[in-house]
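A.B. asks: Residue numbers (the numbering used here): 20 to 134. Beta carbons are placed, not taken as given, at the ideal position from N, Cα and C, and that holds for glycine.
Shown next, in the form of structure tokens:
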């Protein structure tokens, strides 16, 4: 853009907001908060695989009970009712249909989730 021309914010700026977070943890937290707001959810959390890829670790969350906050871990297991592919999103409309599908939400009263 030339002098005096306003540039439109890019998609990242629009989603994350300004000023952007200063570190990775701040970026992950802001991402989770924005995703929750955009999906009009009650809570959101972000899981990242541990270095050995045997567990998923909560790296950011909002709206979850304190016992399910950062660094809680969930075993990565294949099979029915688990997280499935980490590469593809999934909608779990009623968690009562698949008990234990999202262990972090057990006992919270939340019944649907997008993973």
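For residue 85, does the count of other Cβ atoms within 10 angstroms reach 16, so buried, or fall short, so exposed?
C.D. replies: Sequence index remark: in the chain shown, residue 85 carries index 66 (1-based). Classification for residue 85: exposed.
A.B. asks: So what's residue 131 in DSSP terms, helix, strand or just coil?
C.D. replies: Here residue 131 refers to the residue found at position 112 when the chain shown is read from its first residue. Coil at residue 131, not helix or strand.
A.B. asks: Taking the alpha carbon of residue 44 as the reference point, which residue from 74, 29, 125, 90 has its own alpha carbon closest?
C.D. replies: Within the chain shown, numbered from 1, the residue matching residue 44 stands at position 25. Per the Cα distances, 90.
A.B. asks: Grouping DSSP H, G and I as helix and E and B as strand, with all else coil, what is residue 83?
C.D. replies: Looking up residue 83 in the chain shown gives position 64. Correct three-state label for residue 83: coil.
A.B. asks: Roughly how many whole angstroms lie between the Cα atoms of residue 146 and residue 33?
C.D. replies: Coverage of the chain is limited to positions 20 through 134, which leaves residue 146 absent and any answer about it impossible.
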